[in-house]
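Right, one structure below, let's go through it.
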Amino acid sequence: MGTSAPPAIVWFRDDLRLADNPALHAAMSSKQSLICLYVYDEESEGLRALGGAAKWWLHGALFALDEALAKKGGGLTILRGASASIIEAVAEETGASAVYWNRRYDEAGRVIDTKIKASLKARGILAESFNAALLHEPWSIANKAKAPFRVFSAFWREARGQGEPDAPLPVPGKLSFYALPKMLHVKTSALADLKLEPEKPDWAGGLRANWVPSEKAAQAALAHFVKTELKGYALGRDRPDQVSTSRLSPYLRFGHISPRQIWQTARNAVAPGMSEASEKDLEKFLAEIGWREFSYHLLYYNPDLARENLQPRFDAMPWINDTKSLQTWQRGLTGYPVVDAGMRQLWMTGWMHNRVRMIAASFLSKHLLIDWRRGEDWFWDTLVDADPASNAASWQWVAGSGADAAPYFRIFNPTLQGEKFDPDGAYVKHWVPELAKLPASVIHKPWKATAGQLAGAGVELGKTYPQPVVDHDAARKRALESFKTINEK
DNA sequence: TGAAATGTTGGGGCG
DNA sequence: ACGCCCCAACATTTC
Numbered sequence: 006m007g008t009s010a011p012p013a014i015v016w017f018r019d020d021l022r023l024a025d026n027p028a029l030h031a032a033m034s035s036k037q038s039l040i041c042l043y044v045y046d047e048e049s050e051g052l053r054a055l056g057g058a059a060k061w062w063l064h065g066a067l068f069a070l071d072e073a074l075a076k077k078g079g080g081l082t083i084l085r086g087a088s089a090s091i092i093e094a095v096a097e098e099t100g101a102s103a104v105y106w107n108r109r110y111d112e113a114g115r116v117i118d119t120k121i122k123a124s125l126k127a128r129g130i131l132a133e134s135f136n137a138a139l140l141h142e143p144w145s146i147a148n149k150a151k152a153p154f155r156v157f158s159a160f161w162r163e164a165r166g167q168g169e170p171d172a173p174l175p176v177p178g179k180l181s182f183y184a185l186p187k188m189l190h191v192k193t194s195a196l197a198d199l200k201l202e203p204e205k206p207d208w209a210g211g212l213r214a215n216w217v218p219s220e221k222a223a224q225a226a227l228a229h230f231v232k233t234e235l236k237g238y239a240l241g242r243d244r245p246d247q248v249s250t251s252r253l254s255p256y257l258r259f260g261h262i263s264p265r266q267i268w269q270t271a272r273n274a275v276a277p278g279m280s281e282a283s284e285k286d287l288e289k290f291l292a293e294i295g296w297r298e299f300s301y302h303l304l305y306y307n308p309d310l311a312r313e314n315l316q317p318r319f320d321a322m323p324w325i326n327d328t329k330s331l332q333t334w335q336r337g338l339t340g341y342p343v344v345d346a347g348m349r350q351l352w353m354t355g356w357m358h359n360r361v362r363m364i365a366a367s368f369l370s371k372h373l374l375i376d377w378r379r380g381e382d383w384f385w386d387t388l389v390d391a392d393p394a395s396n397a398a399s400w401q402w403v404a405g406s407g408a409d410a411a412p413y414f415r416i417f418n419p420t421l422q423g424e425k426f427d428p429d430g431a432y433v434k435h436w437v438p439e440l441a442k443l444p445a446s447v448i449h450k451p452w453k454a455t456a457g458q459l460a461g462a463g464v465e466l467g468k469t470y471p472q473p474v475v476d477h478d479a480a481r482k483r484a485l486e487s488f489k490t491i492n493e494k
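So the first sequence is numbered by the numbering used here: it starts at 6 and just counts up by one.
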């Protein structure tokens, strides 16, 4: 209900949850009535436009957040345009005395937020920002020389050494909302007006079938994971043929869940007597949270992480960037089954198993010698968890251009990787159904199958399934030669 | 959070 | 019985 007391604005961004939301918590604690905003900003300079899959996710996420707020008697107001002018205008028109938000770490976002904070303060409006997305602020972890870390293991040792992260904030109880005046001059948008969902063609069927973008679904996924998959995670996490990873990545990306919540739940689950998961399983899982933290650390200190090689010598890398072979990769038609399975899983569901991400990324940047940035772009557009830090940092890691990267000569053999981590070929059979009848002994190398095996499986190489787009041995040698050219002093 | 090439060892076949 | 060769099997190094 509108009251004469000034309201407080809660500006939601990549923190689309009610629990453990410091900005929301601070606004509640102020005892003011709330205005909950989301600004869809395609105008401010430098912000990277969301990819297609992320837009689809955001649509569902905003719908779910609005519903959750409605249950508390309010709702989410969606606005469209440049963040600065919108936030300032809403504050002005409603007489809000405070604006609360949770921090973001991409450079364009930080620049925008800094300006808004200054401008609000200049008008006597309280502007406060919080950490909702990370266990550790990127600037709070430094090495002995007070410099940022460039190596994960050292980073993570220091982070762990700082003690346990803060406990998450509780789910908020009663909220009181401010009734926005109907005459608000800032135009509000209906969710549908944002056109976040694909129309023609509607390619999102597989996404809908696999994901529920909400805070509630995030908590359910976490509970399910610690109950059934955490045990054995240390090994199981590498098996794309099994459901053994948490699949929390898109929930983290949009802030349906926080790393603090994940940390606490996983830790409590491994408390004595609570679970058969071992300390090792837990540490492996927490280290994955650690990689995300490290990625944000890298992004904060290297704002161009998605564009610039962390190792400048890679600027001279003789990439080939052949459009045709890029397309075989994007479409899952490289002729290497485990690569194709991964790329099709990505296209169909907006997500790919992490082990297969590494294999597919290695294949693009090494076997095809295509600039990792083309791959990063494709993942950005197709992943529901496309994250400004993790996506860029992981691509640089695989390509070898990262600070703490896999050495360039570490080239995955897609056949061996497939045989090792998808031993029965179940993952390939599911995502590359035209190979489903091949015996497991050749499923990762159909070009080595006998004529009888191929005929028996209804496979005709070059017709029903492609011949390998490159020869592994030759491609490997070519990659090593290319690397040599940038490695000479 | 590799794979391939090269080196070493030891058992077994065989003259 | 012995030396020689072959080659797994494993270890090391190289990319």
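Using N, Cα and C, we set each Cβ at its ideal position, and we do this for glycine too.
Note that the structure is predicted; figures quoted are calculated from it, not measured.
Nearest Cα to Phe368 within the set Arg481, Lys120, Ala292: Arg481.
Bounds of the beta strand (DSSP E) holding Ser134 are 131-135. Assigned with DSSP and collapsed to three states, Thr193 falls in strand.
DSSP, reduced to helix, strand and coil, places Trp436 within a helical segment of the structure shown. Assigned with DSSP and collapsed to three states, Thr455 falls in coil, not helix or strand. The region 216-226 makes no contact with the region 391-402: fewer than 3 CB pairs, one atom from each, lie closer than 8 Å. According to DSSP, residue pairing for Tyr306 in a beta bridge does not occur. Contact annotation: Ser300 and Ser181 have beta-carbon atoms that are not nearer than 8 Å. Bounds of the beta strand (DSSP E) holding Ile40 are 39-45.
Counting only residues of its own chain and dropping the five nearest sequence neighbours on each side, Leu189 has a CB closer than 7 Å to the CB of Glu98. Separation of the CB atoms of Met363 and Phe426 is rounded to 10 Å, and the pair is thereby denied contact status at 8 Å. Ranked by Cα distance from Asp390, the first of Gly241, Ser330, Lys60 is Lys60. Across the structure, Ile375 and Asp71 are spaced so that their CA atoms are roughly 42 Å apart. Going by C-alpha positions, Ala54 is about 19 Å away from Trp352. Taking Gly211 as reference, the option from Arg349, Leu485, Lys371 with the minimal CA-CA separation is Arg349.
Ranked by how close their Cα comes to the Cα of Ala147, the residues Asp118, Trp452, Arg272, Glu298 have Glu298 in first place. Pairing Val231 with Gln458, the inter-Cα distance amounts to about 42 Å. The beta-carbon distance between Arg242 and Lys289, rounded to whole angstroms, is 7 Å. This is short enough to meet the 8 Å contact definition. Contact annotation, Gly423 with His449: C-beta distance approximately 4 Å; criterion of less than 8 Å satisfied. In the displayed model, Leu81 falls within coil according to three-state DSSP, outside both helix and strand. By the Cβ test, the region 96-110 is in contact with the region 132-145, since at least three Cβ pairs between them sit closer than 8 Å. Listed in chain order, the non-local C-beta contacts of Lys77 below 6 Å within the same chain comprise Leu180, local neighbours out to five positions each way being set aside.
Here Trp106 is bridged, per DSSP, to Trp16, Ser134. At a Cβ-Cβ threshold of 8 Å, Glu202 and His64 count as neighbours. With contacts defined by Cβ atoms closer than 8 Å, Asp246 and Asp429 form a contacting pair. DSSP links Leu466 through a beta bridge to Tyr470.
Rounded to the nearest whole angstrom, the C-alpha separation of Leu140 and Ala73 is 25 Å. With a cutoff of 8 Å on beta-carbon distance, Val433 and Ala346 are scored as near each other. Per DSSP, the unbroken alpha helix (DSSP H) holding Trp61 starts and ends at 57-76.
Gly380 and Glu169 have their C-alpha atoms some 36 Å from each other. Shortest Cα-Cα distance from Val474 to any of Glu439, Val361, Lys329, Gly407 involves Lys329.
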